[in-house]
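Visitor:
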Amino acid sequence: MDDSDIELISVFGTNLHKRIRGEAKNNRWYGFYMPKMTETTVNKKRKVFFEKIIDKEKPDIIHIWGTEFVHDLEMLTAAEASGIRTVVSIQGLISEYAKHYTDYLSQEDIDRCTFHDFLRRDNITGQQKRFYLRGIHEIETIKKAKHVIGRTEWDRSIVESINPLAEYHYCEEILRNEFYDGLRWNYDLCRPHSIFLPESYYPIKGMHIALQILNKLKGKYPDVHLYTTGRDARCRTIGDKIRQNTYGSCIERMIYRYGLEQNITYMGTLNAAQMKDQYLKANVCLQSSVMENSPNSLAEAMITGVPVVASDVGGTRSVLGQYAQYMTYSINEPDTATDMIDEIFSMKNKEMIEGTEERINRKMKQHDPDMICDQYKGCYRSIIDK
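Structural data, given as structure tokens:
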């Protein structure tokens, strides 16, 4: 496989009610309508569409990114029928996430249902059920796969437990361009006593745990402030109330119960440059997720140099590497996270404050785009040559 002769054909889901295709130089693409991100049943027409693309393009190898959507299984099945070699990348493992979807939520919150979710027939319990249903297809995908790409010890152990015959290939992830520009976190330029939580929109991300941590910190630091992405959970209009989902309602009640109205800012959807700006401004980046595999947000935080406090779940230790020992806390011990953030706020955590440059350099090497491209090309060659 000569690099100059590589042709890339991309197939992806869109919200357009029609199929699309296009090409430029050695790249061609096909888009298919994906009615719901939460589909739980196989779409036979889409599988036939995939078979037609495979028959037309005759690729040497098909790389399927992710296992959490039913179309991943459809493409793998179509490729299998055509005798085309495949490799499947592990992103999140939804079959595992399903088991933890309601962790550390009260039964009252789990059973609750807002007007919005009543109309959609979709509360926290319903969302967890769909994760389980999608997980069935994910497990079938992994069982069918002969080659799997992953990047954490945790995802490797899950793959081996489902399909011990699959060959596991380690490949890293390239981060967004903005995180390679050289700008680095500096304590003197950050917002003192501020915390950045990159994601908070559904229970897996653990906003309900972050609020417990924030509440404890407020006792010592009245000005402590949590910044996060997404839509504000607090309802300010009747329209907000109508649109509020059940988890948002749970978070809103916690905010008012703890008196945190002035200590939280929701920033909506942020692009890569805006995300990097938040990492640079934060005193601490917090991961309060109840389950993760290899969140790019954590890698992005580390590559900027902001101090990190992360829940020790899933593949988090693999992302943090040798620094996990003083960056992680047990998810069922939020008080430990509170203490760790307190040490950073008060400048007592020397490893976190003084080891910034070394951490950044190690992470930059780990996510070097050229090296990662070589990893993937090497993986493809080894599979094609077998």
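Taking our numbering, the leading residue of the sequence shown gets 109, the next gets one more, and so forth. Beta carbons: idealized from backbone N, C-alpha and C, even for Gly. Just so it is clear, the structure is predicted and the values come from calculations on it, not from any experiment.
Among A407, P311, V414 and G413, whose alpha-carbon lies nearest the alpha-carbon of G423?
Guide: A407
Visitor: Would you list the residues sitting across from Y437 in a DSSP beta bridge?
Guide: S419
Visitor: Helix, strand or coil: how does DSSP classify C343 here?
Guide: coil
Visitor: Report yes if the CB atom of S203 is closer than 9 Å to the CB atom of G174, and no otherwise.
Guide: no
Visitor: Let me make sure I understand the geometry here. Which of R129, D450 and R489 has the alpha-carbon closest to that of H301?
Guide: D450
Visitor: In whole angstroms, what is the alpha-carbon distance linking M109 and Y484?
Guide: Note that M109 scores a pLDDT of 45, beneath 50, so its modelled location is shaky and nothing firm can be said.
Visitor: If you follow the alpha helix (DSSP H) that R470 is in, where does it begin and where does it stop?
Guide: T464 to Q474
Visitor: Does DSSP classify P327 as helix, strand or coil?
Guide: According to the sequence displayed, residue 327 carries Gly and not Pro. Helix.
Visitor: Determine the closest residue to I188 out of E159, N440, E165 and E400, with distance taken between C-alpha atoms.
Guide: Correcting the residue identity first, residue 188 is Glu in this sequence and not Ile. Measuring from the Cα of E188, the nearest candidate turns out to be E159.
Visitor: Can you round the beta-carbon distance between L291 and T249 to whole angstroms, since I take them to be within the 8 Å contact cut?
Guide: In fact, because the Cβ distance is near 39 Å, the residues do not count as touching under 8 Å.
Visitor: If you follow the beta strand (DSSP E) that N135 is in, where does it begin and where does it stop?
Guide: N135 to Y141
Visitor: By the DSSP assignment, the alpha helix (DSSP H) with W262 in it spans what residues?
Guide: E261 to I270
Visitor: With burial defined as no fewer than 16 other Cβ atoms inside 10 Å of the residue's Cβ, what is the status of R495: buried or exposed?
Guide: Residue numbering for the chain in the displayed model covers 109 to 494; residue 495 lies beyond these limits and cannot be assessed.
Visitor: Between which two residues does the alpha helix (DSSP H) carrying E490 extend?
Guide: For clarity, residue 490 is Ser in the given sequence; the question names Glu instead. Here the alpha helix (DSSP H) through S490 covers P477 to I492.
Visitor: Can you tell me which of the three DSSP states I114 falls into?
Guide: coil
Visitor: Taking only the alpha-carbon atoms, compute the straight-line gap between Y141 and A390 and give it to the nearest angstrom.
Guide: 39 Å
Visitor: Nearest-angstrom Cα distance between F453 and V417?
Guide: 12 Å
Visitor: Are at least three pairs of beta-carbons, each pair with one atom in the stretch 350-366 and one in the stretch 301-319, less than 8 Å apart?
Guide: Two segments are said to touch when three or more pairs of C-beta atoms, one from each, lie closer than 8 Å; by this definition the stretch 350-366 touches the stretch 301-319.
Visitor: Nearest-angstrom Cα distance between M472 and I346?
Guide: In a straight line, the C-alpha of M472 is about 47 Å away from that of I346.
Visitor: Per DSSP, S131 forms a beta bridge with which residues?
Guide: A small fix is needed here, since residue 131 is Glu in this sequence, not Ser. Answer by DSSP bridge pairing, in chain order: R136.
Visitor: Going by DSSP in three states, E400 sits in which element: helix, strand or coil?
Guide: coil
Visitor: Secondary structure at I350, three-state DSSP: helix, strand or coil?
Guide: helix
Visitor: What's the gap between the Cα of Q215 and the Cα of D478?
Guide: Roughly 48 Å separates the two Cα atoms.
Visitor: Which residue comes first and which comes last in the alpha helix (DSSP H) that contains E275?
Guide: Segment E275 to Y278 is the beta strand (DSSP E) holding E275; no alpha helix (DSSP H) there.
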